[in-house]
Structures are given as structure tokens and as C-alpha cells.
Amino acid sequence: MPPTNGRSQALVAFPLAAGLASGGGLVPVHEIIAGDSNVTLRAGITKNIEISVRTYSMDLPMKSVIPLTTSTFIPQPSAATEEDFLDVDFGEPEPFFVPSSWLSEFRGYDPRGGEKGTIEGGLE
Amino acid sequence: MADAALTSISTDLRQGDICQIDLFPHWNIDTSSFVAGMGQKPTHVQMPALPKVLTGTGTTKRLVSICSYDCDLENPRDRKGILIAPVFALPKTHNRYEMVRTSGELRQSEDGAYFDYLQLFPVRVQDLTDVDVEMGVVDFSAMVSIGKAFDAAKILSAQKVFEIDDESRVLFRTKLSAFVGRPALRSAAAEGRNSEAA
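Protein sequence lines correspond, in order, to chains R and Z. Under our numbering, the first residue of the first sequence carries the number 3, and numbering increases by one thereafter. Under our numbering, the first residue of the second sequence carries the number -9, and numbering increases by one thereafter.
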């Protein structure tokens, strides 16, 4: 049986479990002690939540799942480094040809009727 | 035109504008979970944030580009949301830097006009991020809708940091339309040229 140290713990643990197992059943529950300064949540929280204390399994029927709300916890952006941002892969250029008749529909068109742009600038 | 140029920033929200949002959602079908209420079927989707989306200057907010058309932004009445796409860095060290940097323009060949990197549109981000890059790219392939439309437009307008000029806006709209619509060439031979990208 999971420890029951008070209401605050249950309120946190159950929504996390809900995010882990939409169908209920035997799921890992990550116990968080409210107010614990070691508790950290990272962006992209999915099935690999990294939090401080202990993990156990419990049978969590669907009807026990409590909605996950933004007020329960707010994922914090991960501490991406400069190298993370610069490590990009755009794949191959894969040229895509467009028909001239289709292009002409966009030439000089401005939906707000303001100063007209031109596509010729890109056709040098 | 080499890349989207900075113009004066108006408070109006327009297609191609660069704005900031807290995180960019990515519905990863393998890892996103569904969440249910007491005794109910799942009603919510828990989505991770898309990694590597550029952060704004002095903030952890992420740079996004407005993809909805101007008329939908001006009058979102029956729209469910506003279309946005993430902005990624284009480092000078990238092995195809120049090709990606100029990929907003149509190129010409004997076979006709074509786009490279149909899913990307380059924008100048030098003054918009603390990351050491001059250029970034909007990635249409990660486009999402955020709502509700009226509220989202209001929030995005308040977080607008960049506005492309009219010439760039035409190129942006043209490339976005080509990415989404895949306009067909008329001859079979011409169709064959697009077989890879389509």
C-alpha cells in the first residue's frame, strides 16, 4: 500500500499517475511530498517523470483518476543549452516545383488592400 | 530579398508575425497521455513541449510564427483557434546554411520555379533571441492551432516581437500555401519532378 501522509500528497500523486496511465490499472506512482524543495518537474513530461523521492506501484482504476489541471503543476521549460538550440537537422532540400498559373494568383495580392508585395523579388 | 526583414512593429496581428508563447505543444502520439475525470472517459490530452524551439530575448518563452491568414486574425468569429508554427535556429555552421537561408525565395530552373525545403521559411532572429544566431526558420510541419481564437489572438498580439515586410509576407503566404496545398503541375513529366517532395 502506498504511504498516506496526508491530503496534499494524494492530490499531487494522483494527477501525475493520471498522466501516466490513461486506462488505469497497475501504474507507477511517483510520490511527492508537498513543499519538498527537491521536487522538480521538467518540460515534456510524459512517461519519464523525474522527481525526487520514491516510486511504487498501485492499482489505479480509471474512476479514481483525477483530472490533471494546470493549477496542479506547471511544466517548466527544460534548461536547454546553446548547443541544444543549434543542434538542428532540416533533412534534404527536396525541391518542389510550382505551376506558374498557381503562382500568378499570389502576385501582388494583399488581403488587406495595403501596399502590395511582389513575388518577383524571389524570381531573379 | 535575402531574408525576412524587420519593419516597424504594429499592434495588429498579421500572418508571418513572430510572437512569444510559454511553450510550443507537440502532440507526440507515442508519449502524449489522455486524462480523465472521475468516472469519465478521457477528455484532456497531456502534450509535451516541442524541444529546441528558440527562446526569446531575456525570457524562456518560445518564438512562434503566425500562420493564420490575416482575415482570420482580424475577425476570428467562428474560428476554433490561431495557427502558429515554431521557430528554430539556423546556425551558420549548418552544412546547408545558405540554401536554407534563401529557401523563402522561389528558385528558377529549366524545369520551372521551385521551392527548396518546402516546410521551412527563413526569418532574421538576431535581435529576438539570446542564442547566438542571425537566422532562424519557421517550420510549417509542426504547425498547431491554439485557442480560443479571440483570446489567443489577443495574447499573441501582446507578445508580438517581429513583423516581416510586405514582400516577405507574400513569399511567406506563397510557400505556406504550397506546403499545405501542394499545387499540382499539369503534365505527367512535371508531376514526376515533385514525386519526392509530395
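Note that the Cβ used here is the ideal one computed from N, Cα and C, for glycine as well.
Check this for me: beta carbons of Glu96 (chain R) and Tyr107 (chain Z), under 9 Å apart or not? Cβ atoms of Glu96 (chain R) and Tyr107 (chain Z): closer than 9 Å.
How would you label Ile154 (chain Z), buried or exposed, when you count the other beta carbons within 10 angstroms and need 16 or more for buried? Buried, since its Cβ has 16 or more Cβ neighbours within 10 Å.
Cβ neighbour criterion (16 or more within 10 Å) applied to Ala79 (chain Z): Here Ala79 (chain Z) is buried, its C-beta having at least 16 other C-beta atoms within 10 Å.
Ser102 (chain R) versus chain Z: which residues are under 9 Å apart at the beta carbon? Those are Gly102, Ala103, listed as they occur along chain Z.
Distance between beta carbons of Ala143 (chain Z) and Leu73 (chain Z), contact taken as under 8 Å: About 11 Å separates the two Cβ atoms, so there is no contact after all.
Counting contacts by CB-CB distance shorter than 9 Å, is Phe78 (chain Z) in contact with chain R? So yes, Phe78 (chain Z) belongs to the interface.
Using three-state DSSP, classify Lys31 (chain Z) as helix, strand or coil. It is coil, neither helix nor strand.
For Asn85 (chain Z), count the other beta carbons within 10 Å of its own beta carbon; 16 or more makes it buried, fewer makes it exposed. Which is it? Counting the other CB atoms within 10 Å of its CB gives Asn85 (chain Z) a total below 16, which places it among the exposed residues.
Let me see if you follow: with CB-CB separation under 9 Å, is Val170 (chain Z) close to chain R or not? At a cut-off of 9 Å between beta-carbon atoms, Val170 (chain Z) makes no contact with chain R.
Applying the criterion that 16 or more other CB atoms from any shown protein chain within 10 Å of the CB defines a buried residue, is Tyr87 (chain Z) buried or exposed? It is exposed - the Cβ of Tyr87 (chain Z) has fewer than 16 other Cβ atoms within 10 Å.
Using a beta-carbon distance below 9 Å, is Leu110 (chain Z) in contact with chain R? Yes, its Cβ sits closer than 9 Å to a Cβ of chain R.
Look at the alpha carbon of Pro41 (chain Z) and the alpha carbon of Leu3 (chain Z), and state the distance between them as a whole number of angstroms. Distance between Pro41 (chain Z) and Leu3 (chain Z), taken at the CA atoms: about 25 Å.
In chain order, what residues of the same chain have a beta carbon less than 8 Å from the beta carbon of Thr45 (chain Z), not counting five sequence neighbours either side? Contacts found: Lys51, Arg52, Leu53, Thr119, Asp120, Val121.
Gln5 (chain Z) and Arg159 (chain Z) look like a contact to me (Cβ under 8 Å); what is the Cβ gap, rounded to whole Å? The pair is a contact, with the Cβ atoms about 6 Å apart (cut-off 8 Å).
For a test of the three-state rule: what should DSSP assign to Gly102 (chain Z), helix, strand or coil? The answer is strand: DSSP assigns Gly102 (chain Z) an E or B state.
Give the DSSP bridge partners of Leu210 (chain Z), in chain order. Here chain Z covers residues -9 to 188 and nothing more, so residue 210 (chain Z) does not appear.
Cut-off 7 Å between Cβ atoms - residues of its own chain near Ser167 (chain Z), not counting five sequence neighbours on either side: Excluding positions up to five away in sequence, the list is empty.
Cβ of Ser93 (chain Z) within 9 Å of Cβ of Val77 (chain Z)? Going by C-beta atoms, Ser93 (chain Z) is not nearer than 9 Å to Val77 (chain Z).
Rounded to the nearest angstrom, how far is the Cβ of Asp7 (chain Z) from that of Lys150 (chain Z), given a contact under 8 Å? A Cβ-Cβ separation of about 5 Å places Asp7 (chain Z) in contact with Lys150 (chain Z) under the 8 Å criterion.
Give a yes or no on whether 9 Å exceeds the smallest Cβ distance from Ala148 (chain Z) to chain R. The beta carbon of Ala148 (chain Z) does not come within 9 Å of any beta carbon belonging to chain R, so the residue lies off that interface.
Check whether the Cβ atoms of Phe105 (chain Z) and Phe98 (chain R) lie closer than 9 Å to each other. Result yes, Cβ atoms of Phe105 (chain Z) and Phe98 (chain R) sit closer than 9 Å.
With respect to the beta strand (DSSP E) encompassing Lys51 (chain Z), which residues constitute its N-terminal and C-terminal limits? Membership of Lys51 (chain Z) in any beta strand (DSSP E) is not indicated, and neither H nor E is assigned to it by DSSP.
Determine the extent of the beta strand (DSSP E) in which Gly126 (chain Z) is found, giving its start and end residues. Start and end: 125 to 129.
Classify Gly171 (chain Z) as buried or exposed, calling it buried when 16 or more other Cβ atoms lie within 10 Å of its own Cβ. Per the 10 Å Cβ criterion, exposed.
Using alpha carbons as the reference points, say which of Z:Leu146, Z:Val134, Z:Ser23 lies closest to Cys9 (chain Z). Minimum Cα-Cα distance from Cys9 (chain Z) among the listed residues Z:Leu146, Z:Val134, Z:Ser23 corresponds to Z:Leu146.
Quick check on Ile11 (chain Z): buried or exposed, where buried means 16 or more other Cβ atoms within 10 Å of its Cβ? Classification for Ile11 (chain Z): buried.
Quick one: Cα of Lys138 (chain Z) to Cα of Ala148 (chain Z), how far? Near 15 Å, if we compare the C-alpha coordinates of Ala148 (chain Z) and Lys138 (chain Z).
Going by Cα to Cα distance, which pick from Z:Pro38, Z:Pro81, Z:Lys31, Z:Gln116 is closest to Asp20 (chain Z)? Selected option, being the one with the closest Cα: Z:Pro38.
Using 10 angstroms around the beta-carbon of Arg67 (chain Z), count the other beta-carbons present and answer buried if the total reaches 16, otherwise exposed. Answer is exposed; the Cβ neighbour count stays below 16.
Ala75 (chain Z) and Val134 (chain Z) closer than 9 Å at C-beta: Cβ distance < 9 Å, so Ala75 (chain Z) and Val134 (chain Z) count as in contact.
Using a beta-carbon distance below 9 Å, is Lys70 (chain Z) in contact with chain R? No, Lys70 (chain Z) does not count as interfacial toward chain R.
Go ahead and label Ser103 (chain R) buried or exposed: buried means 16 or more other beta carbons lie within 10 angstroms of its beta carbon, across all protein chains shown. Burial is judged here by how many other beta carbons sit within 10 angstroms of a residue's own beta carbon; Ser103 (chain R) has fewer than 16 and is exposed.
In the DSSP assignment, the alpha helix (DSSP H) including Val170 (chain Z) goes from what residue to what residue? Per DSSP, Val170 (chain Z) belongs to the alpha helix (DSSP H) from 156 to 171.
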